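Participant:
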Amino acid sequence: KMATEGGGCCLRPFSCEQGLLSRPDGSAAFLQGDTSVLVGLYGPAEVKVSKELPDRAALEVLLRPKVGLPGVIERSREQLLRRTCEAVVLGVLHPRTAITLVLQVLSDAGSLLSCCLNAACMGMLDAGLPLSSLFCGVTCAIDPNGVIVLDPTTQQEQVSPGVGYQ
Amino acid sequence: GSITTADGSALVKLGNTTVICGVKAELAAPAVDAANKGYIVPNVELPSLCSTRFRSGPPGEEAQAASQFIADVIENSQIIAKEDLCVANGKLAWVLYCDIICLDYDGNILDASAFALLAALKNVQLPSVTINEETGLSEVNLKQKNPLIIRKHPVATSFAIFDDTLLIVDPTAEEEDLATGTVTIVTDDEGRLCSVHKPGGSPLTGAKLQDCITRAVTRHKEVKKLIDKVIKSIKPK
């Protein structure tokens, strides 16, 4: 059985399931250890005239935390996800349309941002969107001894003086 | 010292981008789990005054992302030790509300906000507070003011990326719109890296990133000299 805590350069056991929701055009659930994120993708679909871009698809990302209303942290993560997806999605093939990604955090046990990034990528694959390349996310933390830990749990993240999202 | 009603303030102009930061200090009870720590609450506002791209109403994504970035810079760089903001352990601590408002948006808002925040915090004069032993109430002495102890001086440097071929430092709004990505590097006094903020965008090779970091370190020295010069030139009230 694999260890539940990622120590050293070892990632926690991760898994992914695609196509589990029936309404969205694409959906995926990504699990990294105990952290899991569910993503639903709608698009390319009708867009509001105010958000319309004449030469490419307009991408929108909504990140819902597990508890409470989305706050400032969710907004900054949404911006990061949106810009990452905009860089890979070939939006010029679908001008004047909207692509909406909705991510729901099911459980958070560390490395949440990289889990969201991986889920978004798998969701886009499931929806069949044209992509120029694939991307994935890995969280790195430096523990108090200066050793690099990959895919840290919440506990490891809290004690580390530096956490980086790749 | 641009805002006289604030405890500390600074106005920063990076080309056409104008950002003003005002710091207000209030007293509050510290959190139960961190009884000896005060609070620093940053808030970045991009009002519809600064550019046509922002409408009035609730803060947009860019303003919230910028607020989160500034909060991360404060947290990561340890610009102020929160223990210094404590007045009486478990009873009273300072809360610094840092409001960063953009007056003119011409790109590179993150650099300007970080710069304004640092300059404003250096300008802050906190009145001394004593706790009366008998009544248990706090007494604020407005005549006797002490400056804040600034431990580190983080400086942010932003670059606009164009398809992994071109890197432009300190992009204007036009350059930002055309860029395929941006990266912001925050360095502190000893040339160490505080944070790298790259919200998506086109990919960047490791070598290019290293190049950005070295340029950011050089820029840090210039910015620090400027801040010191301005602080010295302020006449005491």
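Chain order of the listed sequences is A and B. Heads up, the first sequence is in our numbering, so the first residue is 1 and it goes up one at a time. Heads up, the second sequence is in our numbering, so the first residue is 1001 and it goes up one at a time. We treat Cβ as the ideally placed atom computed from N, Cα and C, and that holds for glycine. Predicted model, so just to flag it, every value in this text is computed and none were measured.
#1: Measure from the C-beta of residue 1207/B to each C-beta in chain A and report whether the shortest distance is under 7 Å.
#2: Taking 8 Å as the threshold, find out whether the stretch 132-144 of chain A comes into contact with the stretch 63-73 of chain A through three or more Cβ pairs.
#3: Given this structure, state the Cα-to-Cα distance separating residue 155/A from residue 110/A, to the nearest angstrom.
#4: Taking residue 1115/B as the reference, which of 1231/B, 1002/B, 1197/B and 1227/B has the closest Cα?
#5: At which residues does the beta strand (DSSP E) containing residue 1026/B begin and terminate?
#6: Anyone know if the C-beta pair for residue 1152/B and residue 1188/B falls short of 7 Å?
#7: Using beta carbons (cut-off 7 Å, strictly below), is residue 1237/B in contact with chain A?
#8: From residue 126/A to residue 1206/B, what does the alpha carbon distance come to, in whole angstroms?
#9: Which of the three DSSP states, helix, strand or coil, is assigned to residue 153/A?
#10: Among residues of its own chain, excluding the 5 on either side of residue 63/A, which ones have a beta-carbon nearer than 6 Å to its beta-carbon?
#11: Starting from the C-beta of residue 52/A, find all residues in its chain whose C-beta is less than 7 Å away, skip the five residues before and the five after it, and write them out in chain order.
#12: For a minimum of 4 consecutive residues, which ranges assigned as the alpha helix (DSSP H) are wholly contained in the stretch 66-150 of chain A?
#13: Following the continuous beta strand (DSSP E) through residue 45/A, name the residue where it begins and the one where it ends.
#14: Just checking, does the stretch 1090-1097 of chain B make contact with the stretch 1035-1044 of chain B on the three C-beta pairs under 8 Å criterion?
#15: For residue 1217/B, decide whether its Cβ has a neighbour in chain A, counting only Cβ atoms nearer than 7 Å.
#16: For residue 153/A, does the count of other Cβ atoms within 10 angstroms reach 16, so buried, or fall short, so exposed?
#17: How many angstroms separate the CA atom of residue 1156/B from the CA atom of residue 1194/B?
#18: Within this structure, are the beta carbons of residue 1168/B and residue 1204/B separated by less than 7 Å?
#19: Examine the ligand MN and report whether any of its heavy atoms sits within less than 6 Å of the Cβ of residue 125/A.
#20: In its own chain, which residues sit with a C-beta less than 8 Å from the C-beta of residue 1061/B, not counting the 5 before and 5 after it?
#21: Are three or more beta carbon pairs between the stretch 1069-1079 of chain B and the stretch 1006-1016 of chain B nearer than 8 Å?
#22: What do you get for residue 1068/B, buried or exposed, if any count of 16 or more other CB atoms within 10 angstroms of its CB means buried?
#23: My parser needs the beta strand (DSSP E) runs of 3 or more residues fully inside the stretch 1049-1102 of chain B; what are they?
#24: With a threshold of 16 other CB atoms inside 10 Å of the CB of residue 1048/B, please say whether the residue is buried or exposed.
#25: Give me the Cα-Cα distance between residue 130/A and residue 1109/B, rounded to the nearest whole angstrom.
#26: So residue 1047/B contacts chain A; which residues on that side make the cut at Cβ distance below 8 Å?
#27: Does residue 1195/B come out as helix, strand or coil in the three-state DSSP assignment?
#28: Can you list the residues of chain A that residue 1127/B reaches, using a CB-CB cut of under 9 Å?
#29: Is there a C-beta anywhere in chain A that falls below 7 Å from the one on residue 1061/B?
#30: Taking 8 Å as the cut-off, does the stretch 10-29 of chain A touch the stretch 39-56 of chain A (at least 3 CB pairs, one atom from each stretch)?
#31: Using the beta-carbon count (16 or more within 10 Å), is residue 1028/B buried or exposed?
#32: Do residue 1201/B and residue 12/A have their CB atoms nearer than 7 Å?
#33: Assuming contact is defined by CB atoms lying nearer than 7 Å, are residue 1138/B and residue 1129/B in contact in what I supplied?
#34: Run through the DSSP bridge pairs and tell me what residue 58/A is partnered with.
#35: Which class does residue 1132/B belong to by DSSP, given the choice of helix, strand or coil?
#36: My guess is that residue 36/A and residue 106/A are in contact by the Cβ rule of under 8 Å, so how many angstroms apart are they, rounded?
Facilitator: Here's the rundown:
#1: Residue numbering aside, residue 1207/B sits at position 207 when the second sequence is read from its first letter. No, residue 1207/B lies away from the interface with chain A (no Cβ there is under 7 Å from its Cβ).
#2: Contact between the stretch 132-144 of chain A and the stretch 63-73 of chain A is not established, with fewer than three Cβ pairs separated by less than 8 Å.
#3: Along the first sequence, read from residue 1 onward, the residue named residue 155/A stands at position 155. Along the first sequence, read from residue 1 onward, the residue named residue 110/A stands at position 110. Their Cα atoms are separated by approximately 8 Å.
#4: As a working mapping, residue 1115/B is identified with position 115 in the second sequence. It is 1227/B whose Cα lies nearest to the Cα of residue 1115/B.
#5: Here residue 1026/B corresponds to residue number 26 of the second sequence, with the count starting at 1. From DSSP, the beta strand (DSSP E) with residue 1026/B extends over 1017-1028.
#6: In the second sequence, the residue the question calls residue 1152/B occupies position 152. In the second sequence, the residue the question calls residue 1188/B occupies position 188. Against a cut-off of 7 Å, the Cβ pair of residue 1188/B and residue 1152/B comes out as a contact.
#7: The residue labelled residue 1237/B in the question sits at position 237 within the second sequence. Caution applies to residue 1237/B, whose pLDDT of 46 falls short of 50 and renders its modelled position unreliable; the value that the coordinates give is listed next. Cβ-Cβ to chain A under 7 Å: no for residue 1237/B.
#8: As a position in the first sequence, residue 126/A is number 126, starting the count at 1. As a position in the second sequence, residue 1206/B is number 206, starting the count at 1. About 30 Å.
#9: Here residue 153/A is taken as the residue at index 153 of the first sequence, counted from 1. Correct three-state label for residue 153/A: coil.
#10: Translated into positions along the first sequence, residue 63/A becomes position 63. 74, 77, 78 and 103, listed in sequence order.
#11: As a working note, residue 52/A is residue 52 in the first sequence. The answer, listed in chain order, is 58 and 96.
#12: Runs of the alpha helix (DSSP H) inside the stretch 66-150 of chain A: 72-88 and 112-127.
#13: Here the question's residue 45/A lines up with position 45 in the first sequence. Segment 35-45, the beta strand (DSSP E) holding residue 45/A.
#14: yes
#15: Here the question's residue 1217/B lines up with position 217 in the second sequence. No, residue 1217/B lies away from the interface with chain A (no Cβ there is under 7 Å from its Cβ).
#16: For the purposes of this step, residue 153/A is taken as the residue at position 153 of the first sequence. By the neighbour-count criterion, in which a residue is buried when 16 or more other Cβ atoms sit within 10 angstroms of its Cβ, residue 153/A is buried.
#17: For this step, residue 1156/B is matched to residue 156 along the second sequence. For this step, residue 1194/B is matched to residue 194 along the second sequence. Their backbone Cα atoms lie some 9 Å apart in a straight line.
#18: Taking the first residue of the second sequence as position 1, residue 1168/B is located at position 168. Taking the first residue of the second sequence as position 1, residue 1204/B is located at position 204. No, they are not a contact pair.
#19: Judged by which ligands are present, the structure shown has none, so any question about the ligand MN falls away.
#20: Within the second sequence, residue 1061/B is the residue found at index 61, counting from 1. If we look at residue 1061/B and ignore the five residues flanking it on each side, it has no Cβ neighbours.
#21: no
#22: For the purposes of this step, residue 1068/B is taken as the residue at position 68 of the second sequence. Residue 1068/B is buried by the Cβ-count criterion.
#23: 1086-1088
#24: For this step, residue 1048/B is matched to residue 48 along the second sequence. Around the C-beta of residue 1048/B, fewer than 16 other C-beta atoms lie within 10 Å, and the residue is accordingly described as exposed.
#25: Taking the first sequence and counting its residues from 1, the one referred to as residue 130/A is at position 130. Taking the second sequence and counting its residues from 1, the one referred to as residue 1109/B is at position 109. Pairing residue 130/A with residue 1109/B, the inter-Cα distance amounts to about 33 Å.
#26: Counting from 1 along the second sequence, the entry for residue 1047/B is found at position 47. What residue 1047/B touches in chain A: nothing, since even the nearest Cβ is about 17 Å away.
#27: Taking the first residue of the second sequence as 1, we reach residue 1195/B at position 195. Strand, per DSSP.
#28: For the purposes of this step, residue 1127/B is taken as the residue at position 127 of the second sequence. The premise fails here: residue 1127/B is roughly 30 Å from chain A at the closest Cβ pair, so nothing lies under 9 Å.
#29: For this step, residue 1061/B is matched to residue 61 along the second sequence. Yes, because at least one Cβ of chain A sits closer than 7 Å to the Cβ of residue 1061/B.
#30: In short, these stretches touch, since the Cβ pair count reaches three.
#31: Within the second sequence, the letter at position 28 stands for residue 1028/B. Exposed, by the Cβ-count rule.
#32: Along the second sequence, one-based indexing puts residue 1201/B at 201. Along the first sequence, one-based indexing puts residue 12/A at 12. Not a contact, by the Cβ cut-off of 7 Å.
#33: Within the second sequence, the letter at position 138 stands for residue 1138/B. Within the second sequence, the letter at position 129 stands for residue 1129/B. In this structure, residue 1129/B lies closer than 7 Å to residue 1138/B by Cβ.
#34: As a position in the first sequence, residue 58/A is number 58, starting the count at 1. Answer by DSSP bridge pairing, in chain order: 98/A.
#35: Taking the first residue of the second sequence as position 1, residue 1132/B is located at position 132. Coil, per DSSP.
#36: One-based indexing of the first sequence puts residue 36/A at position 36. One-based indexing of the first sequence puts residue 106/A at position 106. Going by Cβ atoms, the distance from residue 36/A to residue 106/A rounds to 4 Å, so yes, they are a contact pair.
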